[in-house]
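S.K.: Top line first, the protein sequences correspond to chains A and B. Those letters in the first sequence? Residues 1 to 402, per our numbering, in order. Those letters in the second sequence? Residues 403 to 804, per our numbering, in order. C-beta atoms are modelled at their ideal positions from N, C-alpha and C, and glycine is treated no differently.
Number of protein chains: 2
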Amino acid sequence: MSLYQATASAPVNIACIKYWGKRDTALILPTNSSLSVTLDQDHLRSTTTSRADASFTKDTLWLNGKEEVIKPGGRTAVCIEELRRLRKVAEDANSNEPKISSFKLHIASYNNFPTAAGLASSAAGFAALVSSIAQLYSLDKVLSASQLSLIARQGSGSACRSLMGGFVAWQAGQLADGSDSLAVQVAPREHWPEMHALICVVSDAKKGTSSTSGMQRTVETSPLLQHRINHVVPQRMKDITAAIQARDFPTFARLTMQDSNQFHAVCLDTEPPIFYMNDVSRALVQLVVEYNRAAGEVRAAYTYDAGPNCVIYVLQKHVKEIANLVVRFFPLAETFKDPFALFASEKIGELAVPEGFNSAVVASFPAGSVKGLIHTRVGDGPRKITDDAVHLLDAQGQPKPV
Amino acid sequence: MSLYQATASAPVNIACIKYWGKRDTALILPTNSSLSVTLDQDHLRSTTTSRADASFTKDTLWLNGKEEVIKPGGRTAVCIEELRRLRKVAEDANSNEPKISSFKLHIASYNNFPTAAGLASSAAGFAALVSSIAQLYSLDKVLSASQLSLIARQGSGSACRSLMGGFVAWQAGQLADGSDSLAVQVAPREHWPEMHALICVVSDAKKGTSSTSGMQRTVETSPLLQHRINHVVPQRMKDITAAIQARDFPTFARLTMQDSNQFHAVCLDTEPPIFYMNDVSRALVQLVVEYNRAAGEVRAAYTYDAGPNCVIYVLQKHVKEIANLVVRFFPLAETFKDPFALFASEKIGELAVPEGFNSAVVASFPAGSVKGLIHTRVGDGPRKITDDAVHLLDAQGQPKPV
């Protein structure tokens, strides 16, 4: 008897040109295009195992070992049903294909980073879910990553950008059915492998507004959002694409910072206003701005999503300098574990500040205000996992202990 | 021998529709119109004594007892010279007028509120300076407040709005020479005397970007500012003027909050971004938003200028409720001295929260995060002070001890 099972992992992505606002909330069609960098799954990933079996009585999903309700018509159900429909088409066309589309699914998913880190776990999660079911159904052999991104998009908008590696654009599209609202790769990771990222995990007492409800409030109430959508983002998409193609870091970095600022500006222009950055986030902006000023060139770019965490894009050659500054001004609550071992012989935070850096401009905060620091880089797209030890379901189709 | 001297006091004003950006930095011509409420001089004021005397050897200014350099061609010098020129015209036209325009001036100015409070002291200061010299030169008898506002505007833009009481618009104007960029009264204080204001003085470790340099950085770098100037503010000016005329507090309040939000949004859209609100400011926003939500109507409006202080506009009948909430969630560092004695028999901060108010949404901060609370209301325009005890210069033309 065959075991119909597949395991995939998928990466996190962090946008440089931000997605904020839907023109269709059911299909998850955005008001503007966006662009992100896919981060390396060696460090941050969602892993999902999907199994189809005649003995299963209902589609069941476990996230980090905990069962999650699959709401009929909800986002997870929509993704599963669309993949199942495509499998059925393939089965009907080829009688040799086992009829597994009629089986229920058991799906187990696991993030190797804490949810509390405030990283967009739903993007990696839906990308891994769609990738694993597509592999299980052998759809990955006939559908491109862009085609699969159409499905992941309906799970969580930004998940579509985690369907490929490198530098990825989510084209807003124009069609009412959303069939042109998909991800395309602007450049693979190999084009610019020196692109590294430092994630500064910022403590925050309060849970902010969810991005799903927040972005629609912005669409409904911000007078500035329409100007951003129609007159700012289109040009920025062109400009950052060109910067990536030319490996022009200063231009890439300036556009990234400008767009992070503008995303938070339209949040503030919302009624009532939405705040995601806190005083520590602001101080990290000051640190990056001062670092670039002192260097006489733009060497680092901050960007903030719907939370206080700061992601700093920086070329490999400058990671050490900026990482040292972050830890020097914001002593971490957690030990920094660097996969690149940049500080093998030295202690992070104890190196001198760069020449000309004015420490007085960075507001000081208690130790632990930045909880942790994650060092990663541009990465590849979803992976097919064949190592049996990684599969997340046991022989009975139940999730293994996490 | 005559003593040529006059003393004037002038009020603070706090904008509801914000001024941010100059189209002409020398003449101080704004990129958009703005509108403010003049606050009561009984509580907050700048007082200035100006004296002309043949014995004086140079124009000299003291602020709070400390001599300030009057830079040739600088803003103070421009105001003085324009008033002197107008005096000279009057003297030339009427030979009975004493020829005091040829005398140097001694000017002493005093704010009755701490500079550290972060209130726009330059607005009240320049309004008092222009008013006192205009009185000394008898120009106040021939020039309207709007005409004098043209002069005060060149000292500090928002000072033009302190030249009159009540609700005051600064019309941006269109002429290159600035002769149509002046203040006009939308309504006197008597029209809506129930309009009260609570100023929450927020502690801030860091001095932010000066508004003079900040606003020009926004003009130069914010893609959203032009949309605000051309498409948002003109309608808001009409709408808030109508709301004031109709005494429609909810509309007045919503526009005030929206425009505060948008001002800080364009600051954030600046490169590098400008932040004036801090975490305590944000928590005060949450408090006001929750207060309005629980009340089922808009009873209070927050507004923030170029600093973390929160000014809350609220009708007299609701001051007690919101003042109690502020102090309950933000225990003050300083004792609250209420000129209206609203809490005569009760203790501020110890009354119950309003029905339905969800305390959980207001982030909590250490006591003293809001340093002090000032309760005032809409007030009148500059006053002529005849009480000898108030004059700020002694017999020798030196500032009296402050």
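Report buried or exposed for B:G758, applying the criterion of at least 16 other Cβ atoms within 10 angstroms of its Cβ.
M.R.: What you label residue 758 of chain B is simply residue 356 of the second sequence in a count that begins at 1. Label assigned to B:G758: exposed.
S.K.: Using a Cβ-Cβ distance cut-off of 8 Å, determine whether A:F113 contacts chain B.
M.R.: Here residue 113 of chain A refers to the residue found at position 113 when the first sequence is read from its first residue. Output row for A:F113: interface = no.
S.K.: Residues in the same chain with beta-carbon distance under 7 Å from A:T25, minus the five sequence neighbours each way, listed in chain order, please.
M.R.: Locating residue 25 of chain A in the first sequence gives position 25, where the first residue counts as 1. Excluding residues within five positions, the ones whose Cβ falls inside 7 Å are Q216.
S.K.: Using CA atoms only, rank isn't needed, just tell me which of B:S457, B:I509, B:N498 is closest to B:A479.
M.R.: Position 77 of the second sequence, counted from the start, is the residue given in the question as residue 479 of chain B. Ranking the options by Cα distance to B:A479, first place goes to B:I509.
S.K.: For B:M639, name the three-state secondary structure that DSSP assigns.
M.R.: Translated into positions along the second sequence, residue 639 of chain B becomes position 237. Helix.
S.K.: Is the number of C-beta pairs between the segment 374-387 of chain A and the segment 120-135 of chain A that are closer than 8 Å three or more?
M.R.: Taking 8 Å as the limit for Cβ pairs, the verdict is that the segment 120-135 of chain A does touch the segment 374-387 of chain A.
S.K.: Apart from the five residues on each side of it in sequence, which residues of its chain come closer than 8 Å, Cβ to Cβ, to B:A805?
M.R.: Missing from the structure shown is residue 805 of chain B; chain B here goes from 403 to 804 and no further.
S.K.: How many Å lie between B:S761 and B:F732 at the Cα?
M.R.: Numbered from 1 along the second sequence, position 359 holds the residue referred to as residue 761 of chain B. Numbered from 1 along the second sequence, position 330 holds the residue referred to as residue 732 of chain B. The alpha-carbon atoms of B:S761 and B:F732 are separated by roughly 12 Å.
S.K.: Which residues share a DSSP beta bridge with A:W403?
M.R.: With chain A covering only 1 through 402, there is no way to say anything about residue 403 of chain A.
S.K.: Is the Cβ of B:D455 closer than 8 Å to any Cβ of chain A?
M.R.: Against the second sequence, residue 455 of chain B aligns to sequence position 53. No, because no Cβ of chain A sits closer than 8 Å to the Cβ of B:D455.
S.K.: Look up A:Y276 in the DSSP assignment and say whether it is helix, strand or coil.
M.R.: Within the first sequence, residue 276 of chain A is the residue found at index 276, counting from 1. The answer is coil: DSSP assigns A:Y276 none of H, G, I, E or B.
S.K.: Applying the criterion that 16 or more other CB atoms from any shown protein chain within 10 Å of the CB defines a buried residue, is A:D59 buried or exposed?
M.R.: By 1-based counting over the first sequence, the position of residue 59 of chain A is 59. Its Cβ being crowded by 16 or more others within 10 Å, A:D59 is buried.
S.K.: DSSP three-state call for A:L163: helix, strand or coil?
M.R.: The residue you call residue 163 of chain A lines up with position 163 of the first sequence. A:L163 falls in the helix class under three-state DSSP.
S.K.: Name the residues in the segment 474-485 of chain B whose C-beta lies less than 7 Å from a C-beta of chain A; which are they?
M.R.: Under the 7 Å Cβ criterion, the segment 474-485 of chain B contributes no residue.
S.K.: So with CB distances below 8 Å, who are the chain B contacts of A:D279?
M.R.: Here residue 279 of chain A refers to the residue found at position 279 of the first sequence. Near A:D279 (Cβ distances below 8 Å), the residues of chain B are N680, D681.
S.K.: Select from B:R656, B:L485, B:T433 the residue whose C-alpha is nearest the C-alpha of B:L577.
M.R.: For the purposes of this step, residue 577 of chain B is taken as the residue at position 175 of the second sequence. When each option's Cα is compared against that of B:L577, the closest is B:T433.
S.K.: Could you tell me whether the Cβ of A:H264 comes closer than 8 Å to any Cβ of chain B?
M.R.: Reading the first sequence from its first residue, position 264 is the one you call residue 264 of chain A. By this cut-off, A:H264 is an interface position.
S.K.: Please confirm if A:E350 has its CB atom under 8 Å from at least one CB of chain B.
M.R.: Residue numbering aside, residue 350 of chain A sits at position 350 when the first sequence is read from its first letter. No - not a single Cβ of chain B is within 8 Å of the one on A:E350.
S.K.: Distance cutoff 8 Å, beta carbons only. Does A:F275 sit that close to anything in chain B?
M.R.: Position 275 of the first sequence, counted from the start, is the residue given in the question as residue 275 of chain A. Chain B, which has a Cβ nearer than 8 Å to the Cβ of A:F275, makes this yes.
S.K.: Taking A:S33 and A:Q171 to be in contact with their CB atoms under 8 Å, please state how far apart those CB atoms are, rounded to whole angstroms.
M.R.: Within the first sequence, numbered from 1, the residue matching residue 33 of chain A stands at position 33. Within the first sequence, numbered from 1, the residue matching residue 171 of chain A stands at position 171. Indeed, because the Cβ distance is near 5 Å, the residues count as touching under 8 Å.
S.K.: In the structure shown, what three-state DSSP assignment does A:A15 receive?
M.R.: Start at 1 with the first residue of the first sequence, and residue 15 of chain A comes out as number 15. The answer is strand: DSSP assigns A:A15 an E or B state.
S.K.: If I measure Cβ to Cβ from A:A295 and keep anything under 7 Å in the same chain, skipping five residues before and after, which residues do I get?
M.R.: The residue given as residue 295 of chain A occupies position 295 in the first sequence. Excluding residues within five positions, the ones whose Cβ falls inside 7 Å are P354.
S.K.: What residues of chain B sit near A:P354, judged by a beta carbon separation below 7 Å?
M.R.: Counting from 1 along the first sequence, the entry for residue 354 of chain A is found at position 354. By Cβ distance, chain B contributes nothing, its closest Cβ being about 17 Å from A:P354, past 7 Å.
S.K.: Check A:Y313 in the structure and name its three-state DSSP category.
M.R.: Counting from 1 along the first sequence, the entry for residue 313 of chain A is found at position 313. DSSP places A:Y313 in strand when its eight states are reduced to three.
S.K.: Would you please verify whether the beta carbon of B:Q660 is less than 8 Å from any beta carbon of chain A?
M.R.: Here residue 660 of chain B refers to the residue found at position 258 of the second sequence. Chain A contact via Cβ: present.
S.K.: With the cut-off set at 8 Å, would you say B:T620 and B:V668 are in Cβ contact?
M.R.: Residue 620 of chain B sits at position 218 when you count from the first residue of the second sequence. Residue 668 of chain B sits at position 266 when you count from the first residue of the second sequence. For B:T620 and B:V668, yes; Cβs fall inside 8 Å.
S.K.: In three-state terms, what does DSSP make of B:S801?
M.R.: In the second sequence, counting from the first residue as 1, residue 801 of chain B sits at position 399. Just to set this straight, residue 801 of chain B is Pro in the shown sequence, not Ser. Strand at B:P801.
S.K.: Can you pull the DSSP bridge partners for A:D53?
M.R.: Position 53 of the first sequence, counted from the first residue, corresponds to residue 53 of chain A. Note: A:D53 sits in a beta bridge opposite A:K104.
S.K.: Given a cut-off of 8 Å, decide if A:N13 and A:T38 are closer than it, judged by their beta-carbon atoms.
M.R.: Taking the first residue of the first sequence as position 1, residue 38 of chain A is located at position 38. Taking the first residue of the first sequence as position 1, residue 13 of chain A is located at position 13. Yes, the Cβ-Cβ distance between A:T38 and A:N13 is below 8 Å.
S.K.: From the DSSP output, in three-state form, read off B:S683 for me.
M.R.: By 1-based counting over the second sequence, the position of residue 683 of chain B is 281. Helix, per DSSP.
S.K.: Between the segment 237-250 of chain A and the segment 630-650 of chain B, do three or more beta carbon pairs fall short of 8 Å?
M.R.: Too few Cβ pairs lie closer than 8 Å, so no.
S.K.: Helix or strand or just coil, what does DSSP make of A:A253?
M.R.: Position 253 of the first sequence holds residue 253 of chain A. Helix at A:A253.
S.K.: With burial defined as no fewer than 16 other Cβ atoms inside 10 Å of the residue's Cβ, what is the status of B:N694: buried or exposed?
M.R.: Reading the second sequence from its first residue, position 292 is the one you call residue 694 of chain B. Its Cβ being crowded by 16 or more others within 10 Å, B:N694 is buried.
S.K.: Give the residues of chain B in contact with A:L224, contact being defined as C-beta atoms less than 9 Å apart.
M.R.: Working through the first sequence from its first residue, we reach residue 224 of chain A at position 224. Going along chain B in sequence order, the residues near A:L224 (Cβ under 9 Å) are L626, H629, R630, V634, Q664, A667, V668, D671.
S.K.: Going straight from the alpha carbon of B:G476 to that of A:S211, what length do you get?
M.R.: By one-based count along the second sequence, residue 476 of chain B stands at place 74. By one-based count along the first sequence, residue 211 of chain A stands at place 211. The straight-line gap from Cα to Cα measures roughly 48 Å.
S.K.: Report the neighbours of B:P710 on chain A: residues whose CB is nearer than 9 Å to its CB, in chain order.
M.R.: Residue 710 of chain B sits at position 308 when you count from the first residue of the second sequence. Correct list: empty, because the minimum Cβ distance to chain A is about 10 Å.
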